[in-house]
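Protein chains in written order, with our numbering: chain A, 167 to 356; chain B, 956 to 1250.
Note that CB positions come from ideal geometry on N, CA and C, so glycine has one too.
Written out as structure tokens, the structure is:
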């Protein structure tokens, strides 16, 4: 199993480490030609969504990513990755890949002093320790979107067809459950 | 609970990796930096090159100006306080800064003690010239490290020296027998637990960026290839002929630091780089601030 990790900025190495701990290979997407390789799943990591959104456009990765996601490539977005996937960003900011019918609110818990951890149930996975860093949450979901996690009354995890988007960072914890769940989804789709 | 806060602060630095943190002095510059792809901005009244030129005591920036920058951008905002000046740090925490840089660019407020950063909820980044200095800052509570380099010079030689030295010392620790680590800790002047972490993991326990003297996309790529996890650019951008273009090029150079063909394109036609000062011409060495008398 080979998973592509968007590696233009952010915590992509943490995802790669987690994949390798689970016995999956990973490749890094830094430029257009990297997308020519075969892979079975895609991870959009945490980082700064403004930076990643700009770089995927200017490095000509944008259409390749969007096309793959729309054609059913299993995709996991964490924090900034969720923002990249969202169809709408609250406050009127232009969306990026816009493949996931949800509205996200950026920096929804404020600045770094608002960052926190909490425990919550994630559907199909179980109870997890969730880490939120200058995190977004999902304000509203469109048709066909399943809410898989809530924390403090806010939606922090969604699933839609081949896409999983979460506002938290499983990659910085030691718990691999969400990645295992994602790899199973990659297996069943491909 | 305190440990949880420290982890969150280290993790914010992880999210900044592979990115460029840019010095800005106005909300307008902050917007330019964000649009050019900065992953965070450092709000300060004067960039290091101008601090050098002006002389005198350099202090924390006006909180009003920092707040204006916070309101202008959606990316994290950092600000500098003087080494040892915990009251300045308290003020920065009160305005909910995302990261405090306890920085040798400003005039040190204490010639012996750095800030006890474990007393704060907001994260700190500190400069280091070598591994011992980095681990001492981490033991005081820093959740991110950067090379000191020599700020405001546009000369990369000191940042290279600091990064290479740190790498060499890390490699040395990883090759040691366990019973040699106690003495290594003594020699480095660093806590044993942190020395042991480096021995086992072959890296610092926190993210390590390059800073001080980065002026071109090639400088940024050089530091990334030497193992930096991201780059601070201070005077290099807004002292140059075309800040927007240079900033955007440095951002892309950090992402694709191994792609020499792309780096060649990115280095084209950037206009004038900042003038720069060579090491031998420097009158004020900022990198020795903070620890010159410590050991």
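Simplified DSSP state of residue i, which is helix, strand or coil
i, result
"residue 1022/B", "helix"
"residue 172/A", "strand"
"residue 912/B", "Outside the displayed range of chain B (956 to 1250) lies residue 912/B, so it cannot be described from this structure."
"residue 1121/B", "helix"
"residue 1241/B", "coil"
"residue 1081/B", "strand"
"residue 203/A", "coil"
"residue 303/A", "strand"
"residue 179/A", "helix"
"residue 272/A", "coil"
"residue 280/A", "helix"
"residue 344/A", "helix"
"residue 956/B", "Bear in mind that the predicted position of residue 956/B carries a pLDDT of just 45, short of 50, making it too unreliable to give a figure here."
"residue 144/A", "This structure cannot settle anything about residue 144/A, because the visible part of chain A is limited to 167 through 356."
"residue 313/A", "strand"
"residue 1076/B", "coil"
"residue 1126/B", "helix"
"residue 225/A", "coil"
"residue 1250/B", "With a pLDDT of 42 at residue 1250/B, under the threshold of 50, the modelled position of that residue is not reliable, and the figure given next carries that caveat. Coil at residue 1250/B, not helix or strand."
"residue 1006/B", "helix"
"residue 285/A", "strand"
"residue 1150/B", "helix"
"residue 1012/B", "coil"
"residue 1032/B", "strand"
"residue 349/A", "helix"
"residue 363/A", "Any property of residue 363/A remains undetermined from this structure, which presents chain A solely from 167 to 356."
"residue 216/A", "helix"
"residue 1131/B", "coil"
"residue 1044/B", "helix"
Cβ pair residue i, residue j closer than 8 Å
i, j, result
"residue 305/A", "residue 212/A", "no"
"residue 1091/B", "residue 1145/B", "yes"
"residue 1106/B", "residue 1189/B", "yes"
"residue 955/B", "residue 1033/B", "It is not possible to answer for residue 955/B, since the shown part of chain B is limited to 956 through 1250."
"residue 1028/B", "residue 1054/B", "no"
"residue 1160/B", "residue 1149/B", "yes"
"residue 1228/B", "residue 1175/B", "no"
"residue 1167/B", "residue 1114/B", "yes"
"residue 184/A", "residue 335/A", "no"
"residue 263/A", "residue 248/A", "no"
"residue 989/B", "residue 1030/B", "yes"
"residue 1128/B", "residue 1154/B", "yes"
"residue 355/A", "residue 240/A", "yes"
"residue 1170/B", "residue 1109/B", "yes"
"residue 352/A", "residue 230/A", "no"
"residue 1087/B", "residue 1059/B", "no"
"residue 180/A", "residue 969/B", "yes"
Within chain A, the residues that residue i reaches when beta carbons sit closer than 9 Å
i, result
"residue 1051/B", "276, 277, 278, 279, 280"
"residue 1214/B", "196, 197"
Under 8 Å by beta carbon: chain A residues contacting residue i
i, result
"residue 1174/B", "Simply none; closest approach about 18 Å."
Residues bridged to residue i [DSSP beta-bridge criterion]
i, result
"residue 1163/B", "1100/B"
"residue 1037/B", "1058/B"
"residue 977/B", "996/B, 1188/B"
"residue 331/A", "243/A, 324/A"
"residue 252/A", "266/A"
"residue 209/A", "171/A, 242/A"
"residue 1294/B", "With chain B covering 956 to 1250 only, the question about residue 1294/B has no answer from this structure."
Residues that residue i contacts on chain B, provided the C-beta gap is smaller than 9 Å
i, result
"residue 176/A", "969, 970, 971, 972, 973, 974, 994"
"residue 283/A", "959, 962, 963"
"residue 221/A", "992, 1206, 1207, 1210"
"residue 335/A", "966, 969, 970"
Chain B residues whose Cβ lies nearer than 7 Å to that of residue i
i, result
"residue 299/A", "963, 966, 967, 970"
"residue 338/A", "966, 969"
Range covered by the alpha helix (DSSP H) that runs through residue i
i, result
"residue 1174/B", "1172 to 1180"
"residue 1090/B", "1086 to 1094"
"residue 983/B", "982 to 991"
"residue 228/A", "228 to 236"
"residue 296/A", "Not the alpha helix (DSSP H): residue 296/A falls in the beta strand (DSSP E), residues 292 to 298."
"residue 1138/B", "1136 to 1143"
"residue 1201/B", "1198 to 1210"
"residue 1216/B", "1215 to 1222"
Interface residues of chain A facing residue i [CB-CB closer than 7 Å]
i, result
"residue 1077/B", "278, 279"
"residue 989/B", "216"
"residue 1029/B", "216, 272, 273"
Proximal chain B residues relative to residue i, where beta-carbon distance stays under 8 Å
i, result
"residue 341/A", "What residue 341/A touches in chain B: nothing, since even the nearest Cβ is about 14 Å away."
"residue 213/A", "970, 971, 972, 973, 974, 994"
"residue 180/A", "969"
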